[in-house]
Amino acid sequence: MPSGIKDIAFTRHQYPYTHPGYTALIQTAAKKDQPAAPIGYLAQLHPKVCENYNIETKAYVAVLCMEALDDLSVPRASFTPPSIFPALTRDLALVVPEAITSAEVETAIRERGGQLLTEVKLFDIYQGPQIEAGHKSMAYNLIFRAKDRTLTDKEVQKPLRGIVDNLQKKLNAQVRDK
């Protein structure tokens, strides 16, 4: 998510002219006194639409409501100097039900990652013979870093265990060991 823009969510959606499963509605996150409000959407055009217009490649569309974006409070840019201490990187491969989105997995990871978790990057999605039907493998690169010290493996184990427990409970995810 771009720096400074907070409280937005991406959810699955579909329009008649978009490819099924390749459309994300962008909306403000629901708050206790306000429902979610649409900001726009990102989508791959349906192959029949591309065929109709003689487009011989995948085509994408992004639609944003500028008035809705104006309503988002975006603070002024600020600079935080990077840590001079090295990061610890861990890769985490999960098997999840096919309907689970990357956003859901990332949210569950960040919920338990704590302050030491600085980055979460999806680097692979796999479906194939080694994965149970109706499931997919999603692999993430997790970067842990402290501003004031070099982290030890032991310091990263606790948040990593919390992340795995949260993923199992919330998303029925299993750590992939193969």
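Numbering of the sequence shown is given in the numbering used here, commencing with residue 39 and proceeding in unit increments. Using N, Cα and C, we set each Cβ at its ideal position, and we do this for glycine too. These figures come from a predicted structure and were not determined experimentally.
For the segment 69–152, the full-length beta strand (DSSP E) segments reaching 3 residues or more read 76–83, 98–102 and 126–135 along the chain. Ranked by Cα distance from Glu105, the options Ala75, Thr145, Gln212 and Asp186 are led by Ala75. For the pair Thr66 and Tyr79, the Cα-to-Cα distance works out to about 12 Å.
According to the DSSP assignment, Leu198 belongs to the alpha helix (DSSP H) that extends over Asp191 to Leu209. Of the other Cβ atoms in all chains shown, fewer than 16 fall within 10 Å of the Cβ of Tyr98; this residue is therefore exposed. Apart from the 5 residues on each side of it in sequence, Asn90 has no Cβ closer than 7 Å to any other Cβ in its chain. Rounded to the nearest angstrom, the gap between the Cα atoms of Thr188 and Ser121 is 10 Å. Looking from the CA of Ile181, the closest CA among Gln153, Gly166, Ala171 and Gly200 belongs to Gln153. Boundaries of the beta strand (DSSP E) harbouring Asp162: Leu155 to Tyr164, taken from the DSSP string. By the neighbour-count criterion, in which a residue is buried when 16 or more other Cβ atoms sit within 10 angstroms of its Cβ, Gly151 is buried. If you check the CB distance, His173 and Val133 come in under 8 Å. Gln52: not part of any beta strand (DSSP E); DSSP gives it neither H nor E. In the three-state DSSP reduction, Ile169 falls in the coil class, being neither helix nor strand.
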